[in-house]
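Undergrad: To start, I am sharing the structure in question, which I have written as structure tokens.
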Amino acid sequence: MKILVIEDEKELQQNIVDSLTKEHFVIETASDFRTASEKLDLYQYDCILLDIMLPQGNGLTLLEELKKQGKAGNVIIISAKDSLDDKLKGLELGADDYLTKPFHLAELTARVKAVLRRNLLDGKNTLEISNLILDLNERTLLINNENVPLNRKEFAILKYFLLNQNRLVTKTALAEHVWGDHIDQSDNFDFIYYQIKNLRKKLQLAAAALEIEAIYGIGYKLVAT
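Residue numbers for the sequence shown follow full-length UniProt numbering, so the first one is 1 and each next one is one higher.
Right, dumping it as structure tokens:
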């Protein structure tokens, strides 16, 4: 899952990034209104942590734009402003939650996971398709009730495919979702081919009822066998 942290306090931003990275999320950051606006226009995120008071603008303005685009339902406002008016306005604009600074990172992580369950998985902790069960909490894959070990990237890739079953997934979209900001540093997609190749082999050996189909020159699609 990919999360955008919009926070101008450098130390807090880094603490949030470190905490959520340990939970195996892909994290991108923005420290001001303009950068946040550009990233929200260019990329899709599973969850957005949004500070209200930002250099160059107000976080609620970003939330208003997200609402117009129908993307405000995965936002958690994090702000030192604890006034009822700001909280109500944020929730009215579609934010899922509101957390007042200072807060414990464990609580933030719990709320992020709750938002992801509600918005992406209808509150469930597992993805069950055909003979596959992907447990998002335990980070395990069962095929025909047998455990299939996956590395961190393989798990993230399979989860993305399961959430987008029968949809065309471009190589760029997959790379941005699983690798985040660091994708810009890559000259090619060889690292994706390597992970996909290994994941395909594991699914085949475990007799999965799904396979990753290559769409030449574009990307991949997860389909039933």
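Cβ coordinates follow ideal geometry from the N, Cα and C atoms, glycine included.
1) Measure the Cβ-Cβ separation of L132 and T140 and say whether it is below 9 Å.
2) Looking only at its own chain, which residues have a Cβ that is under 7 Å from the Cβ of I52, when we skip the five neighbours before and after it?
3) In this structure, does DSSP put N166 in helix, strand or coil?
4) Quick check on V112: buried or exposed, where buried means 16 or more other Cβ atoms within 10 Å of its Cβ?
5) Are the beta-carbon atoms belonging to E28 and K10 less than 9 Å from one another?
6) Residues in its own chain within less than 6 Å of D97 by CB, not counting five upstream and five downstream?
7) Terminal residues of the continuous alpha helix (DSSP H) containing K71?
8) At a cut of 8 Å, does the segment 158 to 178 reach the segment 189 to 205 through at least three beta carbon pairs?
9) Whole alpha helix (DSSP H) runs in the UniProt domain "Response regulatory" (2 to 116) with 4 or more residues, listed along the chain?
10) What is the rounded straight-line gap between the Cα of N144 and the Cα of L203?
11) Less than 9 Å separating the beta-carbons of I129 and I157?
12) So D222 and L210 are supposed to be a Cβ contact under 8 Å. How far apart are they, rounded?
13) Measure the alpha-carbon distance for A207 versus P149 and round it to whole angstroms.
14) Cβ atoms of L88 and H49: under 9 Å apart, would you say?
15) Comparing C-alpha positions only, which one of G94, S19, Q56 and E146 sits nearest to G70?
16) From what residue to what residue does the alpha helix (DSSP H) around E176 run?
17) Taking the beta strand (DSSP E) that G221 belongs to, which residues open and close that run?
18) Per DSSP, what kind of secondary structure is N151 in: helix, strand or coil?
TA: Put simply:
1) no
2) N58, G59, L60, I77, S79, K81 and D86
3) coil
4) buried
5) no
6) I76 and R111
7) Counting along the chain, K71 falls outside any alpha helix (DSSP H), and DSSP gives it neither H nor E.
8) yes
9) 10 to 22, 33 to 42, 59 to 68 and 84 to 92
10) 11 Å
11) no
12) Here the sequence assigns Leu to residue 222, which means Asp is not the residue at that position. Right, the Cβ-Cβ distance comes to about 6 Å (below 8 Å), so this counts as a contact.
13) 14 Å
14) For clarity, residue 49 is Leu in the given sequence; the question names His instead. No, they are not a contact pair.
15) G94
16) K171 to W179
17) Per the sequence shown, residue 221 should be read as Lys rather than Gly. Run containing K221: G219 to A224, per the beta strand (DSSP E) assignment.
18) coil
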